[in-house]
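Residue numbers (the numbering used here): -19 to 507.
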(Lines of atoms letter the chains of each structure in order from A and count residues from 1; the text may use other names and numbers.)
(Lines give C-alpha, C1' and ligand atoms only; values in the text may rest on other atoms or scores of the structure.)
Protein backbone atom coordinates (compact mmCIF):
# COMPACT_ATOMS: atom_id res chain seq x y z
CA UNK A 1 0.00 0.00 0.00
CA UNK A 2 1.59 3.31 -1.09
CA UNK A 3 1.47 6.55 0.84
CA UNK A 4 -1.56 7.86 -1.11
CA UNK A 5 -3.53 4.71 -0.42
CA UNK A 6 -2.53 4.84 3.25
CA UNK A 7 -3.72 8.44 3.53
CA UNK A 8 -6.99 7.61 1.80
CA UNK A 9 -7.51 4.64 4.10
CA UNK A 10 -6.93 6.74 7.20
CA UNK A 11 -9.29 9.47 5.95
CA UNK A 12 -11.98 6.87 5.35
CA UNK A 13 -11.36 5.51 8.83
CA UNK A 14 -11.65 9.02 10.26
CA UNK A 15 -14.92 9.50 8.38
CA UNK A 16 -16.33 6.19 9.63
CA UNK A 17 -15.26 6.96 13.17
CA UNK A 18 -16.97 10.35 13.02
CA UNK A 19 -20.27 8.68 12.09
CA UNK A 20 -19.80 6.07 14.82
CA UNK A 21 -19.04 8.69 17.46
CA UNK A 22 -22.15 10.69 16.62
CA UNK A 23 -24.40 7.66 17.09
CA UNK A 24 -22.87 6.16 20.24
CA UNK A 25 -24.96 6.91 23.36
CA UNK A 26 -23.11 4.85 25.96
CA UNK A 27 -20.37 7.01 27.46
CA UNK A 28 -17.81 4.28 28.30
CA UNK A 29 -18.16 2.82 24.80
CA UNK A 30 -17.84 6.29 23.30
CA UNK A 31 -14.58 6.89 25.17
CA UNK A 32 -13.25 3.50 24.07
CA UNK A 33 -14.09 4.27 20.45
CA UNK A 34 -12.23 7.58 20.64
CA UNK A 35 -9.00 6.08 21.96
CA UNK A 36 -9.19 3.04 19.67
CA UNK A 37 -9.76 5.20 16.59
CA UNK A 38 -6.84 7.50 17.47
CA UNK A 39 -4.52 4.52 18.00
CA UNK A 40 -5.65 2.92 14.75
CA UNK A 41 -5.21 6.08 12.66
CA UNK A 42 -1.68 6.69 13.96
CA UNK A 43 -0.70 3.04 14.54
CA UNK A 44 0.13 3.97 18.17
CA UNK A 45 0.96 1.30 20.73
CA UNK A 46 -0.70 3.11 23.60
CA UNK A 47 -3.02 5.92 24.45
CA UNK A 48 -4.65 7.74 27.33
CA UNK A 49 -7.82 9.78 27.38
CA UNK A 50 -8.27 12.36 30.12
CA UNK A 51 -11.46 14.27 30.89
CA UNK A 52 -11.61 17.63 32.62
CA UNK A 53 -12.81 17.34 36.21
CA UNK A 54 -16.07 19.00 37.23
CA UNK A 55 -14.25 21.79 39.06
CA UNK A 56 -11.99 22.37 36.03
CA UNK A 57 -8.78 22.08 38.06
CA UNK A 58 -7.51 18.64 37.06
CA UNK A 59 -7.49 15.99 34.35
CA UNK A 60 -9.08 12.68 35.24
CA UNK A 61 -7.92 9.39 33.73
CA UNK A 62 -10.77 7.77 31.79
CA UNK A 63 -9.17 5.34 29.34
CA UNK A 64 -5.67 3.79 29.41
CA UNK A 65 -4.54 1.37 26.68
CA UNK A 66 -1.15 -0.17 25.82
CA UNK A 67 -1.33 -3.01 23.31
CA UNK A 68 2.16 -4.47 23.75
CA UNK A 69 1.61 -4.75 27.51
CA UNK A 70 -1.95 -6.01 27.11
CA UNK A 71 -2.98 -3.17 29.39
CA UNK A 72 -6.59 -1.97 29.23
CA UNK A 73 -8.13 0.17 31.95
CA UNK A 74 -11.16 2.43 31.95
CA UNK A 75 -14.29 2.31 29.84
CA UNK A 76 -15.76 -1.17 30.21
CA UNK A 77 -12.88 -2.19 32.52
CA UNK A 78 -12.61 -0.09 35.72
CA UNK A 79 -9.45 1.77 36.59
CA UNK A 80 -7.38 0.29 39.47
CA UNK A 81 -8.27 1.56 42.92
CA UNK A 82 -4.61 2.37 43.66
CA UNK A 83 -3.24 5.87 43.16
CA UNK A 84 -1.32 4.95 40.02
CA UNK A 85 -3.88 6.82 37.93
CA UNK A 86 -4.42 9.79 40.23
CA UNK A 87 -5.82 12.98 38.71
CA UNK A 88 -3.32 15.32 37.06
CA UNK A 89 -3.54 18.80 38.62
CA UNK A 90 -3.68 21.65 36.12
CA UNK A 91 -2.38 24.14 38.67
CA UNK A 92 0.34 24.14 41.29
CA UNK A 93 -0.45 24.89 44.97
CA UNK A 94 0.52 28.55 44.39
CA UNK A 95 -2.06 28.81 41.59
CA UNK A 96 0.39 28.89 38.69
CA UNK A 97 -0.04 26.67 35.62
CA UNK A 98 1.33 23.17 36.00
CA UNK A 99 3.24 23.42 32.69
CA UNK A 100 5.69 20.69 33.60
CA UNK A 101 3.08 17.98 32.91
CA UNK A 102 2.65 17.66 29.16
CA UNK A 103 -1.07 16.82 29.32
CA UNK A 104 -1.70 19.81 31.61
CA UNK A 105 0.30 22.07 29.31
CA UNK A 106 -1.68 20.94 26.25
CA UNK A 107 -4.95 21.54 28.12
CA UNK A 108 -4.03 25.00 29.42
CA UNK A 109 -2.35 26.23 26.25
CA UNK A 110 -4.95 24.63 23.95
CA UNK A 111 -2.10 23.45 21.73
CA UNK A 112 -0.87 20.08 20.48
CA UNK A 113 2.45 18.77 21.79
CA UNK A 114 4.34 16.33 19.55
CA UNK A 115 7.43 14.81 21.22
CA UNK A 116 9.87 12.51 19.40
CA UNK A 117 11.57 11.12 22.53
CA UNK A 118 10.29 11.83 26.02
CA UNK A 119 13.60 10.95 27.64
CA UNK A 120 15.40 13.62 25.61
CA UNK A 121 12.97 16.45 26.44
CA UNK A 122 13.82 18.86 29.26
CA UNK A 123 10.77 21.17 29.08
CA UNK A 124 8.40 18.60 30.60
CA UNK A 125 8.51 16.34 33.61
CA UNK A 126 8.27 12.69 32.49
CA UNK A 127 9.01 11.25 35.94
CA UNK A 128 5.69 9.41 35.87
CA UNK A 129 6.25 7.68 32.50
CA UNK A 130 9.83 6.79 33.50
CA UNK A 131 8.59 5.14 36.70
CA UNK A 132 5.94 3.30 34.70
CA UNK A 133 8.56 2.10 32.23
CA UNK A 134 10.83 0.86 35.00
CA UNK A 135 8.02 -1.04 36.62
CA UNK A 136 6.59 -2.53 33.42
CA UNK A 137 9.79 -3.05 31.40
CA UNK A 138 8.55 -0.59 28.79
CA UNK A 139 10.08 2.34 26.91
CA UNK A 140 7.87 5.37 26.42
CA UNK A 141 9.35 7.30 23.51
CA UNK A 142 7.13 9.31 21.15
CA UNK A 143 4.17 11.27 22.53
CA UNK A 144 1.34 13.08 20.74
CA UNK A 145 -0.82 15.09 23.15
CA UNK A 146 -3.90 16.81 21.73
CA UNK A 147 -6.42 19.00 23.64
CA UNK A 148 -10.09 18.19 23.03
CA UNK A 149 -12.32 21.26 22.69
CA UNK A 150 -16.02 21.27 21.93
CA UNK A 151 -18.06 23.42 19.53
CA UNK A 152 -18.05 26.26 22.08
CA UNK A 153 -14.25 26.15 22.24
CA UNK A 154 -14.39 24.79 25.79
CA UNK A 155 -11.85 22.23 26.98
CA UNK A 156 -13.37 18.78 27.42
CA UNK A 157 -10.26 16.69 27.92
CA UNK A 158 -6.93 15.61 26.48
CA UNK A 159 -6.08 12.77 24.10
CA UNK A 160 -2.56 11.42 24.45
CA UNK A 161 -0.97 8.78 22.20
CA UNK A 162 2.26 6.96 22.97
CA UNK A 163 4.81 5.26 20.70
CA UNK A 164 3.87 5.39 17.06
CA UNK A 165 4.83 2.04 15.48
CA UNK A 166 6.27 1.81 11.97
CA UNK A 167 4.08 -0.84 10.30
CA UNK A 168 6.94 -2.05 8.11
CA UNK A 169 9.75 -2.37 10.71
CA UNK A 170 7.68 -2.70 13.87
CA UNK A 171 9.90 -0.18 15.61
CA UNK A 172 8.86 2.88 17.56
CA UNK A 173 8.92 6.05 15.49
CA UNK A 174 7.73 9.64 15.69
CA UNK A 175 4.19 10.84 15.10
CA UNK A 176 4.25 12.43 11.65
CA UNK A 177 2.63 15.76 10.88
CA UNK A 178 -0.13 14.02 8.92
CA UNK A 179 -0.79 11.86 12.00
CA UNK A 180 -1.05 14.97 14.10
CA UNK A 181 -3.54 16.65 11.75
CA UNK A 182 -5.74 13.58 11.62
CA UNK A 183 -5.71 13.16 15.40
CA UNK A 184 -6.50 16.86 15.87
CA UNK A 185 -9.47 16.41 13.54
CA UNK A 186 -10.53 13.29 15.42
CA UNK A 187 -10.12 15.07 18.76
CA UNK A 188 -12.38 17.87 17.54
CA UNK A 189 -15.07 15.41 16.39
CA UNK A 190 -14.71 13.40 19.57
CA UNK A 191 -14.98 16.50 21.76
CA UNK A 192 -18.24 17.49 20.08
CA UNK A 193 -19.63 13.96 20.37
CA UNK A 194 -18.53 13.75 23.98
CA UNK A 195 -19.94 17.19 24.75
CA UNK A 196 -23.27 16.18 23.21
CA UNK A 197 -23.34 12.99 25.27
CA UNK A 198 -22.48 14.90 28.43
CA UNK A 199 -25.20 17.42 27.63
CA UNK A 200 -27.72 14.60 27.12
CA UNK A 201 -26.62 13.07 30.42
CA UNK A 202 -27.01 16.43 32.15
CA UNK A 203 -30.49 16.86 30.70
CA UNK A 204 -31.47 13.35 31.82
CA UNK A 205 -30.03 14.04 35.26
CA UNK A 206 -31.91 17.34 35.41
CA UNK A 207 -35.13 15.59 34.42
CA UNK A 208 -34.75 12.88 37.04
CA UNK A 209 -33.82 15.54 39.61
CA UNK A 210 -37.04 17.36 38.73
CA UNK A 211 -38.97 14.15 39.36
CA UNK A 212 -37.25 13.75 42.71
CA UNK A 213 -38.09 17.38 43.48
CA UNK A 214 -41.78 16.68 42.84
CA UNK A 215 -41.62 13.58 45.04
CA UNK A 216 -39.87 15.64 47.71
CA UNK A 217 -42.66 18.21 47.54
CA UNK A 218 -45.19 15.39 48.00
CA UNK A 219 -43.11 14.06 50.89
CA UNK A 220 -43.14 17.46 52.57
CA UNK A 221 -46.93 17.42 52.33
CA UNK A 222 -47.12 13.90 53.71
CA UNK A 223 -44.34 11.88 55.28
CA UNK A 224 -46.52 8.81 54.81
CA UNK A 225 -46.25 8.87 51.01
CA UNK A 226 -42.56 9.73 50.74
CA UNK A 227 -41.25 6.19 51.06
CA UNK A 228 -43.98 4.96 48.72
CA UNK A 229 -42.47 7.05 45.92
CA UNK A 230 -39.08 5.46 46.66
CA UNK A 231 -40.15 1.85 47.15
CA UNK A 232 -42.60 1.45 44.26
CA UNK A 233 -39.96 2.16 41.54
CA UNK A 234 -37.58 -0.33 43.15
CA UNK A 235 -40.26 -3.01 43.38
CA UNK A 236 -41.43 -2.26 39.83
CA UNK A 237 -37.98 -2.93 38.43
CA UNK A 238 -37.64 -6.12 40.52
CA UNK A 239 -40.91 -7.41 39.07
CA UNK A 240 -39.91 -6.44 35.51
CA UNK A 241 -36.61 -8.27 35.96
CA UNK A 242 -38.50 -11.33 37.24
CA UNK A 243 -40.91 -11.37 34.29
CA UNK A 244 -38.01 -11.05 31.84
CA UNK A 245 -36.19 -13.93 33.56
CA UNK A 246 -39.21 -16.23 33.81
CA UNK A 247 -39.25 -19.09 31.32
CA UNK A 248 -42.76 -20.25 32.20
CA UNK A 249 -46.21 -18.95 31.36
CA UNK A 250 -47.59 -16.77 28.55
CA UNK A 251 -45.01 -14.03 29.21
CA UNK A 252 -41.99 -16.30 28.72
CA UNK A 253 -39.68 -14.56 26.29
CA UNK A 254 -40.98 -11.08 27.12
CA UNK A 255 -38.09 -8.66 27.54
CA UNK A 256 -37.28 -5.01 28.05
CA UNK A 257 -34.28 -3.39 26.42
CA UNK A 258 -32.23 -0.74 28.22
CA UNK A 259 -34.33 2.13 26.84
CA UNK A 260 -37.59 0.45 27.85
CA UNK A 261 -36.25 -0.24 31.34
CA UNK A 262 -35.40 3.45 31.69
CA UNK A 263 -38.89 4.38 30.50
CA UNK A 264 -40.52 2.04 33.03
CA UNK A 265 -38.42 3.44 35.87
CA UNK A 266 -39.38 7.02 34.95
CA UNK A 267 -43.05 6.01 34.86
CA UNK A 268 -42.73 4.36 38.28
CA UNK A 269 -41.04 7.44 39.70
CA UNK A 270 -43.86 9.65 38.41
CA UNK A 271 -46.82 7.33 39.00
CA UNK A 272 -48.13 9.40 41.92
CA UNK A 273 -47.03 12.89 40.88
CA UNK A 274 -50.70 13.94 40.91
CA UNK A 275 -50.70 13.62 44.71
CA UNK A 276 -49.10 17.03 44.79
CA UNK A 277 -52.65 18.34 44.19
CA UNK A 278 -54.27 16.20 46.92
CA UNK A 279 -55.11 18.03 50.17
CA UNK A 280 -52.83 17.08 53.04
CA UNK A 281 -55.67 16.40 55.46
CA UNK A 282 -57.04 13.76 53.07
CA UNK A 283 -53.70 12.06 52.31
CA UNK A 284 -52.78 11.91 56.00
CA UNK A 285 -56.23 11.19 57.41
CA UNK A 286 -55.43 8.59 60.07
CA UNK A 287 -58.65 9.04 62.09
CA UNK A 288 -62.22 9.46 60.92
CA UNK A 289 -62.67 12.90 62.48
CA UNK A 290 -59.26 14.17 61.43
CA UNK A 291 -59.00 17.23 59.20
CA UNK A 292 -56.23 19.67 60.07
CA UNK A 293 -56.55 18.24 63.58
CA UNK A 294 -58.44 15.32 65.11
CA UNK A 295 -61.90 16.64 66.02
CA UNK A 296 -62.38 13.91 68.63
CA UNK A 297 -60.86 16.48 71.03
CA UNK A 298 -63.88 18.73 70.47
CA UNK A 299 -66.22 15.85 71.20
CA UNK A 300 -64.28 15.06 74.39
CA UNK A 301 -64.85 18.68 75.42
CA UNK A 302 -68.58 18.32 74.79
CA UNK A 303 -68.63 15.21 76.96
CA UNK A 304 -67.09 17.26 79.75
CA UNK A 305 -69.92 19.76 79.30
CA UNK A 306 -72.43 16.91 79.45
CA UNK A 307 -70.83 15.65 82.68
CA UNK A 308 -70.89 19.15 84.16
CA UNK A 309 -74.57 19.53 83.28
CA UNK A 310 -75.35 16.14 84.84
CA UNK A 311 -73.61 17.17 88.07
CA UNK A 312 -75.48 20.48 88.09
CA UNK A 313 -78.80 18.62 87.70
CA UNK A 314 -77.89 16.33 90.59
CA UNK A 315 -76.98 19.22 92.88
CA UNK A 316 -80.09 21.16 91.91
CA UNK A 317 -82.24 18.09 92.65
CA UNK A 318 -80.68 17.67 96.08
CA UNK A 319 -81.07 21.40 96.80
CA UNK A 320 -84.74 21.10 95.83
CA UNK A 321 -85.34 18.42 98.47
CA UNK A 322 -84.74 15.22 96.49
CA UNK A 323 -83.20 12.23 98.21
CA UNK A 324 -79.43 12.75 98.10
CA UNK A 325 -78.54 9.07 97.86
CA UNK A 326 -81.00 8.45 95.04
CA UNK A 327 -79.80 11.56 93.19
CA UNK A 328 -76.17 10.47 93.56
CA UNK A 329 -76.96 6.96 92.34
CA UNK A 330 -78.76 8.32 89.30
CA UNK A 331 -75.81 10.65 88.65
CA UNK A 332 -73.35 7.76 88.84
CA UNK A 333 -75.44 5.80 86.36
CA UNK A 334 -75.45 8.80 83.97
CA UNK A 335 -71.66 9.13 84.24
CA UNK A 336 -71.21 5.44 83.42
CA UNK A 337 -73.49 5.81 80.40
CA UNK A 338 -71.63 8.93 79.25
CA UNK A 339 -68.28 7.14 79.61
CA UNK A 340 -69.58 4.18 77.61
CA UNK A 341 -70.85 6.46 74.83
CA UNK A 342 -67.55 8.37 74.79
CA UNK A 343 -65.58 5.14 74.54
CA UNK A 344 -67.67 4.05 71.56
CA UNK A 345 -67.00 7.30 69.68
CA UNK A 346 -63.28 7.11 70.46
CA UNK A 347 -63.14 3.50 69.27
CA UNK A 348 -65.14 4.29 66.13
CA UNK A 349 -62.85 7.20 65.32
CA UNK A 350 -59.85 4.86 64.88
CA UNK A 351 -61.23 3.19 61.75
CA UNK A 352 -59.14 0.12 62.46
CA UNK A 353 -61.99 -2.38 62.19
CA UNK A 354 -65.23 -2.73 60.29
CA UNK A 355 -68.22 -0.98 61.88
CA UNK A 356 -71.19 -3.12 62.92
CA UNK A 357 -74.74 -2.03 62.09
CA UNK A 358 -75.54 -1.77 65.80
CA UNK A 359 -72.64 0.61 66.44
CA UNK A 360 -73.69 2.78 63.48
CA UNK A 361 -77.23 2.98 64.88
CA UNK A 362 -75.95 3.79 68.35
CA UNK A 363 -73.74 6.62 67.07
CA UNK A 364 -76.79 8.18 65.41
CA UNK A 365 -78.66 7.89 68.73
CA UNK A 366 -75.81 9.56 70.62
CA UNK A 367 -75.91 12.44 68.13
CA UNK A 368 -79.39 13.35 69.40
CA UNK A 369 -79.11 12.00 72.95
CA UNK A 370 -77.12 14.91 74.34
CA UNK A 371 -77.20 18.67 73.72
CA UNK A 372 -74.57 21.31 74.16
CA UNK A 373 -74.73 25.11 74.07
CA UNK A 374 -72.28 27.28 72.19
CA UNK A 375 -70.94 30.62 73.46
CA UNK A 376 -73.93 32.45 72.01
CA UNK A 377 -76.29 30.30 74.06
CA UNK A 378 -77.64 28.35 71.10
CA UNK A 379 -78.35 24.67 71.79
CA UNK A 380 -76.89 22.11 69.33
CA UNK A 381 -77.21 18.37 68.79
CA UNK A 382 -74.23 16.55 70.27
CA UNK A 383 -72.89 15.57 66.80
CA UNK A 384 -73.34 17.55 63.60
CA UNK A 385 -74.08 15.92 60.25
CA UNK A 386 -70.45 15.84 59.08
CA UNK A 387 -69.31 14.23 62.33
CA UNK A 388 -72.02 11.57 62.01
CA UNK A 389 -70.99 10.81 58.41
CA UNK A 390 -67.34 10.41 59.39
CA UNK A 391 -67.88 8.39 62.56
CA UNK A 392 -70.19 5.96 60.75
CA UNK A 393 -67.71 5.16 57.96
CA UNK A 394 -68.03 1.38 57.68
CA UNK A 395 -64.34 0.66 56.99
CA UNK A 396 -61.23 2.82 57.01
CA UNK A 397 -61.12 6.54 57.71
CA UNK A 398 -62.25 8.11 54.43
CA UNK A 399 -65.70 9.27 53.44
CA UNK A 400 -66.88 8.62 49.89
CA UNK A 401 -66.03 12.20 48.74
CA UNK A 402 -62.59 11.94 50.36
CA UNK A 403 -61.97 8.58 48.73
CA UNK A 404 -62.85 10.17 45.41
CA UNK A 405 -60.35 12.95 46.12
CA UNK A 406 -57.69 10.29 46.74
CA UNK A 407 -58.67 8.47 43.56
CA UNK A 408 -58.54 11.69 41.58
CA UNK A 409 -54.80 11.92 42.14
CA UNK A 410 -54.42 9.53 39.22
CA UNK A 411 -56.49 11.86 37.02
CA UNK A 412 -54.17 14.69 38.03
CA UNK A 413 -51.20 12.43 37.28
CA UNK A 414 -52.51 11.69 33.79
CA UNK A 415 -53.25 15.34 33.07
CA UNK A 416 -49.81 16.42 34.27
CA UNK A 417 -47.96 13.73 32.31
CA UNK A 418 -49.90 14.27 29.10
CA UNK A 419 -48.95 17.96 29.19
CA UNK A 420 -45.25 17.15 28.94
CA UNK A 421 -43.51 16.98 25.52
CA UNK A 422 -42.06 13.50 25.97
CA UNK A 423 -39.10 12.47 23.80
CA UNK A 424 -39.53 9.40 21.62
CA UNK A 425 -37.92 6.99 24.07
CA UNK A 426 -40.31 8.06 26.87
CA UNK A 427 -43.60 8.39 24.98
CA UNK A 428 -45.21 5.52 26.92
CA UNK A 429 -44.68 7.06 30.37
CA UNK A 430 -48.20 8.59 30.58
CA UNK A 431 -49.83 5.26 29.65
CA UNK A 432 -47.74 3.23 32.11
CA UNK A 433 -48.06 5.65 35.03
CA UNK A 434 -51.65 6.65 34.27
CA UNK A 435 -53.00 3.08 34.21
CA UNK A 436 -51.57 1.68 37.42
CA UNK A 437 -55.01 1.75 39.09
CA UNK A 438 -56.76 -0.05 36.24
CA UNK A 439 -57.91 -3.65 36.61
CA UNK A 440 -57.82 -6.64 34.30
CA UNK A 441 -61.63 -6.90 34.43
CA UNK A 442 -62.18 -3.27 33.47
CA UNK A 443 -63.40 -2.24 36.94
CA UNK A 444 -60.42 -0.02 37.75
CA UNK A 445 -60.16 3.75 37.55
CA UNK A 446 -60.17 6.34 36.12
CA UNK A 447 -60.68 4.95 32.61
CA UNK A 448 -62.06 1.50 33.35
CA UNK A 449 -60.00 -0.11 30.56
CA UNK A 450 -59.58 -3.87 30.27
CA UNK A 451 -56.46 -6.03 30.22
CA UNK A 452 -56.06 -5.95 26.44
CA UNK A 453 -55.68 -2.18 26.49
CA UNK A 454 -53.00 -2.17 29.20
CA UNK A 455 -49.30 -2.55 28.54
CA UNK A 456 -47.38 -5.20 30.45
CA UNK A 457 -45.43 -2.38 32.09
CA UNK A 458 -48.62 -0.78 33.44
CA UNK A 459 -49.73 -4.14 34.85
CA UNK A 460 -46.35 -4.58 36.53
CA UNK A 461 -46.60 -1.14 38.11
CA UNK A 462 -50.12 -1.93 39.37
CA UNK A 463 -48.91 -4.98 41.30
CA UNK A 464 -45.93 -3.07 42.70
CA UNK A 465 -48.22 -0.28 43.89
CA UNK A 466 -50.56 -2.70 45.69
CA UNK A 467 -47.88 -4.88 47.30
CA UNK A 468 -46.00 -1.84 48.59
CA UNK A 469 -49.19 -0.35 50.06
CA UNK A 470 -50.12 -3.61 51.80
CA UNK A 471 -46.71 -4.09 53.41
CA UNK A 472 -45.86 -0.43 54.13
CA UNK A 473 -45.05 0.18 57.78
CA UNK A 474 -45.37 3.97 57.72
CA UNK A 475 -49.11 4.35 57.04
CA UNK A 476 -51.02 5.97 59.95
CA UNK A 477 -54.30 4.18 59.28
CA UNK A 478 -53.16 0.53 59.28
CA UNK A 479 -50.67 -1.95 60.65
CA UNK A 480 -48.11 -3.34 58.15
CA UNK A 481 -48.98 -6.76 56.76
CA UNK A 482 -46.70 -9.75 56.79
CA UNK A 483 -45.52 -10.97 53.40
CA UNK A 484 -47.78 -14.03 53.59
CA UNK A 485 -50.83 -11.87 54.27
CA UNK A 486 -50.04 -9.56 51.36
CA UNK A 487 -49.51 -12.51 49.01
CA UNK A 488 -52.84 -14.01 50.10
CA UNK A 489 -54.63 -10.77 49.22
CA UNK A 490 -52.87 -10.54 45.86
CA UNK A 491 -53.88 -14.15 45.17
CA UNK A 492 -57.52 -13.16 45.74
CA UNK A 493 -57.04 -10.13 43.48
CA UNK A 494 -55.66 -12.45 40.82
CA UNK A 495 -58.69 -14.74 41.05
CA UNK A 496 -61.11 -11.80 40.89
CA UNK A 497 -59.53 -10.30 37.78
CA UNK A 498 -58.06 -7.38 39.68
CA UNK A 499 -54.38 -7.92 38.76
CA UNK A 500 -52.55 -9.68 35.93
CA UNK A 501 -52.36 -13.39 36.83
CA UNK A 502 -49.28 -14.14 34.71
CA UNK A 503 -47.24 -11.31 36.20
CA UNK A 504 -48.28 -12.32 39.72
CA UNK A 505 -47.26 -15.91 39.00
CA UNK A 506 -43.81 -14.68 37.88
CA UNK A 507 -43.71 -12.50 41.00
CA UNK A 508 -44.11 -15.61 43.16
CA UNK A 509 -42.00 -18.03 41.08
CA UNK A 510 -39.06 -15.64 40.99
CA UNK A 511 -39.52 -14.86 44.72
CA UNK A 512 -39.64 -11.12 44.22
CA UNK A 513 -41.41 -10.79 47.58
CA UNK A 514 -38.35 -12.20 49.36
CA UNK A 515 -35.90 -9.86 47.65
CA UNK A 516 -38.16 -6.87 48.31
CA UNK A 517 -38.66 -7.88 51.94
CA UNK A 518 -34.92 -8.07 52.51
CA UNK A 519 -34.55 -4.54 51.19
CA UNK A 520 -37.50 -2.75 52.75
CA UNK A 521 -39.52 -4.77 55.29
CA UNK A 522 -39.03 -5.41 58.99
CA UNK A 523 -37.89 -8.83 60.21
CA UNK A 524 -41.33 -9.36 61.77
CA UNK A 525 -42.96 -9.07 58.34
CA UNK A 526 -40.64 -11.57 56.65
CA UNK A 527 -42.53 -14.75 57.42
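Cβ atoms here follow ideal geometry from the backbone N, Cα and C, with glycine treated the same way.
Could you tell me the distance, in whole angstroms, from the CA atom of residue i to the CA atom of residue j?
{"i": "residue 231", "j": "residue 396", "result": "31 Å"}
{"i": "residue 485", "j": "residue 470", "result": "10 Å"}
{"i": "residue 355", "j": "residue 281", "result": "14 Å"}
{"i": "residue 505", "j": "residue 466", "result": "10 Å"}
{"i": "residue 195", "j": "residue 461", "result": "25 Å"}
{"i": "residue 111", "j": "residue 160", "result": "26 Å"}
{"i": "residue 435", "j": "residue 412", "result": "7 Å"}
{"i": "residue 255", "j": "residue 10", "result": "40 Å"}
{"i": "residue 214", "j": "residue 452", "result": "14 Å"}
{"i": "residue 171", "j": "residue 31", "result": "10 Å"}
{"i": "residue 220", "j": "residue 250", "result": "17 Å"}
{"i": "residue 108", "j": "residue 74", "result": "22 Å"}
{"i": "residue 432", "j": "residue 425", "result": "15 Å"}
{"i": "residue 177", "j": "residue 409", "result": "23 Å"}
{"i": "residue 379", "j": "residue 445", "result": "22 Å"}
{"i": "residue 348", "j": "residue 305", "result": "29 Å"}
{"i": "residue 336", "j": "residue 328", "result": "10 Å"}
{"i": "residue 201", "j": "residue 468", "result": "32 Å"}
{"i": "residue 500", "j": "residue 116", "result": "48 Å"}
{"i": "residue 258", "j": "residue 389", "result": "6 Å"}
{"i": "residue 330", "j": "residue 274", "result": "11 Å"}
{"i": "residue 323", "j": "residue 244", "result": "49 Å"}
{"i": "residue 42", "j": "residue 477", "result": "52 Å"}
When DSSP labels each residue in this structure, what does residue i get in the three-state scheme?
{"i": "residue 493", "result": "helix"}
{"i": "residue 370", "result": "helix"}
{"i": "residue 270", "result": "strand"}
{"i": "residue 479", "result": "coil"}
{"i": "residue 377", "result": "coil"}
{"i": "residue 281", "result": "helix"}
{"i": "residue 428", "result": "coil"}
{"i": "residue 22", "result": "helix"}
{"i": "residue 502", "result": "coil"}
{"i": "residue 397", "result": "helix"}
{"i": "residue 32", "result": "strand"}
{"i": "residue 196", "result": "helix"}
{"i": "residue 77", "result": "strand"}
{"i": "residue 149", "result": "coil"}
{"i": "residue 159", "result": "helix"}
{"i": "residue 336", "result": "coil"}
{"i": "residue 117", "result": "coil"}
{"i": "residue 462", "result": "coil"}
{"i": "residue 89", "result": "helix"}
{"i": "residue 420", "result": "coil"}
{"i": "residue 485", "result": "helix"}
{"i": "residue 265", "result": "coil"}
{"i": "residue 106", "result": "coil"}
{"i": "residue 445", "result": "helix"}
{"i": "residue 387", "result": "helix"}
{"i": "residue 185", "result": "helix"}
{"i": "residue 407", "result": "coil"}
Counting C-beta neighbours from all protein chains within 10 Å, is the total for residue i 16 or more, i.e. buried, or is it exposed?
{"i": "residue 25", "result": "buried"}
{"i": "residue 180", "result": "exposed"}
{"i": "residue 103", "result": "exposed"}
{"i": "residue 238", "result": "exposed"}
{"i": "residue 496", "result": "buried"}
{"i": "residue 401", "result": "exposed"}
{"i": "residue 313", "result": "exposed"}
{"i": "residue 183", "result": "exposed"}
{"i": "residue 99", "result": "exposed"}
{"i": "residue 60", "result": "exposed"}
{"i": "residue 272", "result": "exposed"}
{"i": "residue 482", "result": "buried"}
Per DSSP, what are the beta-bridge partners of residue i in this structure?
{"i": "residue 128", "result": "137"}
{"i": "residue 38", "result": "69"}
{"i": "residue 359", "result": "353"}
{"i": "residue 123", "result": "95, 142"}
{"i": "residue 508", "result": "Because the chain is modelled from -19 through 507, residue 508 falls outside the range shown and cannot be assessed."}
{"i": "residue 45", "result": "27, 52"}
Quiz prompt | Start-end ranges of the alpha helix (DSSP H) lying completely within the stretch 216 to 259, minimum 4 residues | solution = 238 to 249
Exercise. Tell me the start and end of each unbroken alpha helix (DSSP H) in the stretch 287 to 331 that is at least 4 residues and wholly inside, in chain order.
Key: Fully enclosed alpha helix (DSSP H) runs of no fewer than 4 residues occupy 304 to 330 of the stretch 287 to 331, in order along the chain.
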